[in-house]
Amino acid sequence: MKLTQAIENLQNKGFLDIHLEDNIDYVEEINKLRKEKNAVILAHYYQRPEIQDIADFVGDSLALAQKAATTDADMIVFAGVHFMAETAKILNPSKKVILPDLKAGCSLADSCPPNDFEAFIKQHPNHVVVSYVNTSAEIKALTDIVCTSSNAEKIINSIPNNQPIIFAPDRNLGAYLMKITGREMLLWDGACLVHEAFSIDKILDLYLQNPDAEIIAHPESQEHILKVAKYIGSTAGLLNYVKTSSAQKFIVATEAGILHKMQKEAPNKTFIAAPANEANCNCSECAYMKLNTLKKLYLCMKYELPDVEIEESLQKKAVKSINRMLEISK
Ligand code: 13P
Ligand code: SF4
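Mapping the sequence shown onto this note's numbering, position 294 (from 1) lands on 294, and the numbers just tick up by one.
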């Protein structure tokens, strides 16, 4: 079902008009519902701190997909964005998968419309199609192997050298992979608005003021940002790096939500969110990720809505490329 159509359905059911008294203890209620409904709450590192703190598991997109594939809970509550909940549903079609806000989309996933992508693939036959997990189910159905930023290098290296590759949708991750694997790939021209907003000038100014800091970056960032980074990795990779590095201070070029977990796991170290080009904006925060709140988490668990639905034929096509990724990532 298309996202807009699903939102309309919820509006028609009156779900989006629900108002609550403000004296509810959401943490207590969520804990009760989790037990009653045998639910598991999965949260991405970019979620608000209070959501990360109440989740059963917080992880990067690969770890979250792996958890979703193996959970024995009856209901998966996905505190992340739509493509992540959709991936969980594709992997586990018999389970109920709900998310706090159906409008939590992704600029990167939106930058790859299925009809255009299908035409692009047709123009380049004999290519293996590798797509980043930040895509719709329709794109995954057109893909041979899905990847995340944690396993992308391994996935590209698993493809025979003489095999041409299409990589979609992130042009920055694609260019970075070409550099580290030495493989030529045909890149789709998409990007994440958060990772494209970082200002190299402001990052370097910050570094001049904090010469003891290390700059670390997510590979969705632009090349000039990656060039000055001491370490480049997925959100899980960045988290692991700050725990093991001897440095005490870090300028972190990815969505600022990860700083919560970093501060928790390395309480004596200092973390500074990399600044964006625009003055006075929260550009290093993903507006989609931040749509999820404790109140919406409570509501979605209480009413088991909004839930993710996927047509069976689409699920069957899309699961193949995700399973290939999980197989190679073992
Ligand atoms: P990872 O969780 O794979 O690092 O990806 C981050 C991301 O862009 C999620 O939107
Ligand atoms: Fe999508 Fe970027 Fe937000 Fe991740 S941070 S969900 S890639 S828009």
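All C-beta atoms in this analysis are idealised placements derived from N, C-alpha and C, irrespective of residue type, glycine included.
Could you tell me if the beta carbon of S313 falls within a distance shorter than 6 Å of some heavy atom in ligand 1?
Taking the first residue of the sequence shown as 1, we reach residue 313 at position 313. It does not: the Cβ of S313 is nowhere closer than 6 Å to a heavy atom of ligand 1.
Look up H260 in the DSSP assignment and say whether it is helix, strand or coil.
Residue numbering aside, residue 260 sits at position 260 when the sequence shown is read from its first letter. Of the three classes helix, strand and coil, the one that applies to H260 here is helix, per DSSP.
How about G172: is its Cβ closer than 6 Å to a heavy atom in ligand 2?
Residue mapping note: residue 172 aligns to position 172 of the sequence shown, counting from 1. Before going on, a small fix: residue 172 reads as Asn here, not Gly. Checking every heavy atom of ligand 2 against the Cβ of N172, none is found closer than 6 Å.
Beta carbon shell of ligand 2 at less than 7 Å from a heavy atom
Y46, V81, C106, S107, L108, A109, N134, C192, L193, V194, H195, E220, E255, C286, Y288 and M289
Straight-line CA distance for A213 to D205?
If you number the sequence shown from 1, residue 213 lands on position 213. If you number the sequence shown from 1, residue 205 lands on position 205. Their backbone Cα atoms lie some 12 Å apart in a straight line.
Quick one: what's got a C-beta closer than 6 Å to L187's C-beta in the same chain, skipping five residues either side?
Here residue 187 is taken as the residue at index 187 of the sequence shown, counted from 1. Cβ within range, chain order: F167, R171 and G174.
Straight-line gap, D60 to N268 (C-alpha atoms, nearest Å)
One-based indexing of the sequence shown puts residue 60 at position 60. One-based indexing of the sequence shown puts residue 268 at position 268. Using only the alpha carbons, I get a separation of about 23 Å.
Counting along the chain, where does the alpha helix (DSSP H) carrying F120 start and finish?
Here residue 120 refers to the residue found at position 120 of the sequence shown. F120 -> alpha helix (DSSP H) spans P114 to Q123.
In the DSSP assignment, the beta strand (DSSP E) including E214 goes from what residue to what residue?
Against the sequence shown, residue 214 aligns to sequence position 214. Looking at the DSSP string, the run of the beta strand (DSSP E) that includes E214 is A213 to A217.
With distances taken Cα to Cα, identify the nearest neighbour of E184 among F198, A191, P164 and C192.
Here residue 184 refers to the residue found at position 184 of the sequence shown. Comparing Cα-Cα distances from E184 to each of F198, A191, P164 and C192, the minimum goes to P164.
Quick one: is A274 buried, meaning 16 or more other Cβ sit within 10 Å of its Cβ, or exposed?
Reading the sequence shown from its first residue, position 274 is the one you call residue 274. A274 is buried by the Cβ-count criterion.
Per-residue DSSP class, three states only, for D72:
By 1-based counting over the sequence shown, the position of residue 72 is 72. D72 falls in the coil class under three-state DSSP.
Between which two residues does the beta strand (DSSP E) holding S234 run?
Here the question's residue 234 lines up with position 234 in the sequence shown. In the DSSP assignment, S234 falls outside any beta strand (DSSP E) and carries neither an H nor an E.
For V40 and D56, what's the separation of their Cα atoms in angstroms?
Stepping through the sequence shown from its first residue, residue 40 is reached at position 40. Stepping through the sequence shown from its first residue, residue 56 is reached at position 56. Whole-angstrom Cα-Cα distance: 6 Å.
Is D101 near ligand 1, judged by its Cβ being under 6 Å from some heavy atom?
Position 101 of the sequence shown holds residue 101. Checking every heavy atom of ligand 1 against the Cβ of D101, none is found closer than 6 Å.
Is the beta carbon of T270 within less than 6 Å of some heavy atom of ligand 1?
Here residue 270 refers to the residue found at position 270 when the sequence shown is read from its first residue. No, the beta carbon of T270 sits no closer than 6 Å to any heavy atom of ligand 1.
Return the first residue and the last residue of the beta strand (DSSP E) that V130 is part of.
In the sequence shown, residue 130 corresponds to position 130, counting from 1. Start and end: V128 to Y132.
Please identify the residue among L294, Y288 and L238 whose C-alpha is closest to the C-alpha of I216.
Against the sequence shown, residue 216 aligns to sequence position 216. Taking only the C-alpha atoms, the option nearest I216 is L238.
Using the beta-carbon count (16 or more within 10 Å), is A276 buried or exposed?
Stepping through the sequence shown from its first residue, residue 276 is reached at position 276. Result: buried.
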